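See below for the structure under consideration.
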Amino acid sequence: MSTVTETHRSAARPPEFEDTHESIRILGFWIFLTTDVVLFGSLFSVYAVFRNRVALGPTPHQLFAMGPVLAETLILLTSTFTCSLSLYAARSDKLKGAVAWLTATLLLGASFVFLEIREFVGDVRAGHTWHQSAFLSGFFTLVGTHGSHVTVGIAWAIMLVLQLMSRGLTVTNRRKLYTFTLYWHFLDIVWIFLFTVVYLLGIA
Amino acid sequence: MILKRRLIQPMLLALMLGLAVSGCGSDYTVFHPAGPVAQSELNLIVLSTVVVGIIILLIWALWAYVLIRFRDKPGNKAPYWPTWRHHRLLEVLVFIFPVVALVIIAIPTIRKTYALAHIPSAKRPPLVIDVTSLDYKWLFEYPQEHVATVNYFYMPVGRPVLFELTAHSPFGAFWVPNLGGMEYTMPNRVLPLWLEATRTGIFDGRNANFSGKDFWRMSFKAHAVPESQFQSWAQGLRQHAPRLTDADWQKLQQFTVVRASSYSSYPSNTFPERPTEFTVHGLYYTPTHKP
Amino acid sequence: MTMNPWITHLMKRLFPPQVLLPDIIGIDIGLTVAAIAAIVFLTKTKRWGWLWREWITTVDHKKIGIMYLLAALVMLFRGGVDALMIRTQLIAPHQHFMSAQQYDEVFTTHGTVMIFFMAMPMVFALFNVAVPLMIGARDVAFPRLNAISFWLFAFGAILLNISFSIGGSPDAGWMSYPPYSELMFNPGVGENYFLLSLQVAGIGTIATGINFLVTVLRLRAPGMTLTRIPIFAWSALITSSLILFAFPPLTVALGLTMLDRIFGASFFTLGHQGMPMMYANLFWIFGHPEVYILIMPAFGVFSEVVPTFSKKPLFGYEAMVVSLLAISILSYGTWVHHFFEMGAGPGVNSFFGLSTMLIAIPTGVKMFNWIFTMWGGRIRVSVPMLWQLGFIPTFVVGGATGVMLAAVPADYQYHNSYFLIAHFHNVILGGTVFGVLSGMYYWWPKMFGWKLNERQGVWAFVFFVVGFWLTFMPQYFLGFQGMTRRMSTYPPGLGWTALNFWSTIGAYVMGVGFLIMVYNIIWSRIHPDWDTTGDPWDGRTMEWSLPSPAPEYNFARIPHVHSRDEWWEMKQEGRTDEVKISEETVHAIHMPRNTPMPVLLALAFFVGSIGMVFEWFWLAILGGLGVVAALTYGSFADYSEKEISRDTILHTEAQLGRVES
Chain A
5 MSTVTETHRS
15 AARPPEFEDT
25 HESIRILGFW
35 IFLTTDVVLF
45 GSLFSVYAVF
55 RNRVALGPTP
65 HQLFAMGPVL
75 AETLILLTST
85 FTCSLSLYAA
95 RSDKLKGAVA
105 WLTATLLLGA
115 SFVFLEIREF
125 VGDVRAGHTW
135 HQSAFLSGFF
145 TLVGTHGSHV
155 TVGIAWAIML
165 VLQLMSRGLT
175 VTNRRKLYTF
185 TLYWHFLDIV
195 WIFLFTVVYL
205 LGIA
Chain B
95 MILKRRLIQP
105 MLLALMLGLA
115 VSGCGSDYTV
125 FHPAGPVAQS
135 ELNLIVLSTV
145 VVGIIILLIW
155 ALWAYVLIRF
165 RDKPGNKAPY
175 WPTWRHHRLL
185 EVLVFIFPVV
195 ALVIIAIPTI
205 RKTYALAHIP
215 SAKRPPLVID
225 VTSLDYKWLF
235 EYPQEHVATV
245 NYFYMPVGRP
255 VLFELTAHSP
265 FGAFWVPNLG
275 GMEYTMPNRV
285 LPLWLEATRT
295 GIFDGRNANF
305 SGKDFWRMSF
315 KAHAVPESQF
325 QSWAQGLRQH
335 APRLTDADWQ
345 KLQQFTVVRA
355 SSYSSYPSNT
365 FPERPTEFTV
375 HGLYYTPTHK
385 P
Chain C
4 MTMNPWITHL
14 MKRLFPPQVL
24 LPDIIGIDIG
34 LTVAAIAAIV
44 FLTKTKRWGW
54 LWREWITTVD
64 HKKIGIMYLL
74 AALVMLFRGG
84 VDALMIRTQL
94 IAPHQHFMSA
104 QQYDEVFTTH
114 GTVMIFFMAM
124 PMVFALFNVA
134 VPLMIGARDV
144 AFPRLNAISF
154 WLFAFGAILL
164 NISFSIGGSP
174 DAGWMSYPPY
184 SELMFNPGVG
194 ENYFLLSLQV
204 AGIGTIATGI
214 NFLVTVLRLR
224 APGMTLTRIP
234 IFAWSALITS
244 SLILFAFPPL
254 TVALGLTMLD
264 RIFGASFFTL
274 GHQGMPMMYA
284 NLFWIFGHPE
294 VYILIMPAFG
304 VFSEVVPTFS
314 KKPLFGYEAM
324 VVSLLAISIL
334 SYGTWVHHFF
344 EMGAGPGVNS
354 FFGLSTMLIA
364 IPTGVKMFNW
374 IFTMWGGRIR
384 VSVPMLWQLG
394 FIPTFVVGGA
404 TGVMLAAVPA
414 DYQYHNSYFL
424 IAHFHNVILG
434 GTVFGVLSGM
444 YYWWPKMFGW
454 KLNERQGVWA
464 FVFFVVGFWL
474 TFMPQYFLGF
484 QGMTRRMSTY
494 PPGLGWTALN
504 FWSTIGAYVM
514 GVGFLIMVYN
524 IIWSRIHPDW
534 DTTGDPWDGR
544 TMEWSLPSPA
554 PEYNFARIPH
564 VHSRDEWWEM
574 KQEGRTDEVK
584 ISEETVHAIH
594 MPRNTPMPVL
604 LALAFFVGSI
614 GMVFEWFWLA
624 ILGGLGVVAA
634 LTYGSFADYS
644 EKEISRDTIL
654 HTEAQLGRVE
664 S
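Chains as they are written, first to last, in our numbering: chain A, 5 to 208; chain B, 95 to 385; chain C, 4 to 664.
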């Protein structure tokens, strides 16, 4: 009997999808993400147009250093992995695992933001403020918008950790964790584009 | 019925008022082209007005007919079809009808859009006038004649003129309705506009894009004169008008409204570098961004 | 008497010379007196608690809809006064009723208020009032988010509207093209007000888009397939999806301008290789879909009103849906037609001219379909239908002149002239405003339980429509005379005087129409014509199966839908008793609780925005912390729903005569 139940369980959709309210919220969150895609799309197009408008400031080639950016990329990719592990733990009803992996995710996210801020501070110290050229304005805004999204994600993750610890794996918390992973994966995909369009093409 | 009369009468009135005032006076600068560009644009305006006018009248007529025939009043003998919701042929027709109308407008639109980007006529070598909009005035420079004017310019009749437009201020738009439609003036960019006058006259031009509180005073006069008169005018400026000095140029950049004035020469740094693709004999102009 | 220099500086910043004009101070005093009177009234009648419980903290879509509507009417008044001031200035040459600076401020706020704070909330009012009821839902998908949207809009509107008495109004036009809107040419705080107020309201708009998209996709009653929902619900669905793709580019355009102005970035500046034209692109990638965001709900209203008042189903339902979809998709490929004169070259201009013309095809199809809906019907000319009947001949002119504007070389002569002004007022007033007013009269009984007086409604309509034609038809001809938009005055001798005079008279006639409408509303409130049936117009769709106004939970029992005009079919087949409930069929209903979070969140946005406008960053940070606090509270709050018990429902429905014995 127990095998049958097991099979049945794994075939069923996760609880956050079974609950009407929560599944509607998941759909709403997907739609929100499409608006964020359009937002980043607009910023990317601004950056693409402004890329060569360097005025008296540095060119992308002169500005970018690959080392820290690669580190940021690795950290963010790892955080996506830990974020998935957190969801996996939740789906297996392992509260502690979910909390632990989520904490790892937010710590990785924080170190990503730390590295990015360090990069920005270095640029500004070298005199490359965004006032200097349209290119720098576009660069700081595009990358900074992504960075502030990650920062918001970290704040969200902190609240989620607190709620998981206090309320456990309720359906609402499962849905929140699921939408958080959607958001985090989305930021990861945006970063892949950023990394390619801004940094790789900038250095090439 | 009373209701309907209330509705229709003012509409007829407005229509009559429109017909009464339209097209006649010379105040209707768009309707009084003084050159091939404005003429070509007017032709398209007339064509499109006629086509859409037919559609407007058709829909008005249908609307009035339906409204009168199918009013809900006792004793109305018109048929009542409470379930009629489809008619394949009608649905296809109402689709095809606007398509046909649009094709009639679209073909000349595209042809003219390309044509107007070219020199209007190739009979005579074109004249170049460099136009700069400033707060709140217009500077016209003649790179071939080396003279400059403010708030007015001369152009020879029968010779195409390439206006190269830029701004030393927020966006403006250069518009002389009698000669043809407008083009924006934008800082750090040079946009081309071909115009030609085929009759003499003094035409009103103005800035068509809001650029500040005195923008409404940014009007200028376009003088279309015979070639000989144009040459003697330019000659006269070269001999008698003062130079446009760097100090004058600085003054022009202040937020002021000034009278028309003329200069026998001007500094070379007042106009952005011209795009390299440009030749005065070139029939086509490729706009490029100044880096 | 010595003044602290810091206070002097503050006063100068808050009250620059442009807001210390006698007329503005007069308005300030008037508004202050009105506010004090309102406070005294609320205190004396002990209504603060009522206001807080019933309205400010509500998450009920019907009440949010009413608040949107009232706010939009107030904004229509404000934008209308701006319009009358503009027209008064232009009644004759060389009028200096206002200074050029004031004129610039007035046309800027006129456009901004009318588009973002009048037309948009009107549309959202109707969505809120009608869509859930039409599709058989108890509320929208995210009721709290809905309240957040409303309050963000409301505080955005307040932000823009206080600019004229504190700090100075924006004066760069509703499009606010840089470089004119940059610090170099526009150093005051007015432009900051513009950027921040639209940003705050814009967040709310995006949230509304998400909300109604999910509502229509997921909350439909059983049996109500997407091919059975009323066209108005379709228009809500498609409008919402347009919002989702159109508003983010606006967010970016406004955000980058703000970074330029407040934080010294170089996006659209003259120096540092900024590119002002990029703003024009971003703005119109938003701006063109925006006009369809405004017009499609009006199309939706008419698609409800015409069948109801013709006693016939809508002709060509499928074509109507397909044309809405076609318009929404095409609307993204037309934005360059707002600046054919910026040197994009003949290839680009031809493409965008053609794509613009293509929009006329689905729009034309809709026009004909409405007429064919009336064909073979029995047309009752009630006020909602009257607005529709005014719409057809008016809007066809606006649409036709739109095609004329799409003919690129002709546009070279129309662009930025009064021809253009006449065109877009023709479509936005003659389309959107006629549409939302039709919808307002149509759903008014459903909102309040009483009808608006018909006779007064007819008079309001007549004045408004006659005034409209008198105002805008002359403007087409002014365009041919070479008059350009935004001129604060004009010299004599150009032949513009007579047409401007008539245009101004028309604007006043329209103003009288608006006053009659206000009188209409107040009079009908005092002498209510109660709608006891819930179905005052002999309607066709599900909202008319409910009592007016609908109870908090809308449907005591969610209906099963079998056809498009379900309520009409029920009436035809004598099945209207199906909406009644009995002791056996009724169940307790769970509804979301009221919450102060939305209004507090929006208030925090407002405070932070004030900080940004005046560049008081401590206040901006304070506002930001407030936003975080409100969101945190929202995240941790206990949102268990309240339960409306069986007995309560039975009691309510019994009073409405909707319980089977």
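Ideal Cβ positions, reconstructed from N, Cα and C, are used throughout, including at glycine. As the structure is a computational prediction, the values presented were derived from the model and not from experiment.
Asked, Found
"Contact under 7 Å by Cβ, R383 of chain C with D298 of chain B", "no"
"Beta-carbon separation (whole angstroms), Q478 of chain C vs A425 of chain C, contact threshold 8 Å", "4 Å"
"Three-state class that DSSP yields for E663 of chain C in the structure shown", "coil"
"Closer than 7 Å to chain B by CB, Q21 of chain C", "no"
"Per-residue DSSP class, three states only, for G264 of chain B", "Strictly speaking, residue 264 of chain B in this sequence is Pro, with Gly absent from that position. Three-state DSSP puts P264 of chain B in coil, outside helix and strand."
"Minimum Cβ-Cβ distance from H418 of chain C to chain B less than 7 Å", "yes"
"Of the listed residues C:L34, C:W472, C:Y415, nearest to V124 of chain B (C-alpha basis)", "C:Y415"
"Span separating the alpha-carbon of N137 of chain B from that of V144 of chain B", "11 Å"
"Per-residue DSSP class, three states only, for R300 of chain B", "strand"
"Three-state class that DSSP yields for S356 of chain B in the structure shown", "strand"
"Buried versus exposed, by CB contacts within 10 Å (16 or more), R337 of chain B", "exposed"
"Minimum C-alpha distance to L87 of chain C - residue among C:G114, C:W154, C:P251", "C:G114"
"Reduced DSSP secondary structure (H/G/I, E/B, other) of L377 of chain B", "Residue placement at L377 of chain B is flagged as unreliable, the pLDDT there being 39, under the threshold of 50; the coordinate-derived value follows with that caveat. L377 of chain B: coil per DSSP, three-state reduction."
"For P286 of chain B and G330 of chain B, the rounded distance between their alpha carbons", "28 Å"
"Cβ-based neighbour list, V154 of chain A, same chain, cut-off 7 Å, excluding 5 preceding and 5 following", "G113, F116, V117, L191"
"Cβ neighbour criterion (16 or more within 10 Å) applied to I151 of chain C", "buried"
"Closest by C-alpha distance to I161 of chain C, when choosing among C:Q202, C:M323, C:W462", "C:Q202"
"Contacts that F127 of chain C makes with chain A (C-beta to C-beta distance below 8 Å)", "The premise fails here: F127 of chain C is roughly 17 Å from chain A at the closest Cβ pair, so nothing lies under 8 Å."
"Touch test, the segment 181-191 of chain A against the segment 73-92 of chain A, Cβ-Cβ under 8 Å, three pairs minimum", "yes"
"Distance between P550 of chain C and K449 of chain C (C-alpha atoms, nearest Å)", "8 Å"
"DSSP three-state assignment for P286 of chain B, whether helix, strand or coil", "strand"
"Counted within 10 angstroms of its Cβ, other Cβ atoms place M169 of chain A as buried (16 or more) or exposed", "exposed"
"Contacting residues, own chain, Cβ-Cβ under 6 Å from Y378 of chain B (five flanking each side not counted)", "With a pLDDT of 41 at Y378 of chain B, under the threshold of 50, the modelled position of that residue is not reliable, and the figure given next carries that caveat. Excluding residues within five positions, the ones whose Cβ falls inside 6 Å are H212."
"Residues in the segment 172-206 of chain C having any Cβ partner in chain B nearer than 7 Å", "G176, Y180, P182, Y183, F188"
"Y445 of chain C and V325 of chain C closer than 7 Å at C-beta", "no"
"Segment limits, alpha helix (DSSP H) that includes P252 of chain C", "234-266"
"Interface partners of V143 of chain C on chain A, CB under 7 Å", "Correct list: empty, because the minimum Cβ distance to chain A is about 10 Å."
"Residue interval of the alpha helix (DSSP H) (run including D85 of chain C)", "64-92"
"Chain-order list of residues whose beta-carbon lies under 6 Å from that of G148 of chain A (same chain, five-residue window excluded)", "none"
"Three-state secondary structure (DSSP) of M450 of chain C", "helix"
"Cβ-Cβ distance between T260 of chain B and T226 of chain B below 7 Å", "yes"
"Check whether F464 of chain C and L392 of chain C have beta carbons under 7 Å apart", "no"
"C-beta contact flag for S305 of chain B and G266 of chain B at 7 Å", "yes"
"From A:R171, A:T200, A:P18, residue whose alpha carbon lies closest to that of K100 of chain A", "A:R171"
"Separation of V192 of chain C from P8 of chain C, as counted between CA atoms", "20 Å"
"Neighbour flag for T397 of chain C against chain B, beta carbons, 7 Å", "no"
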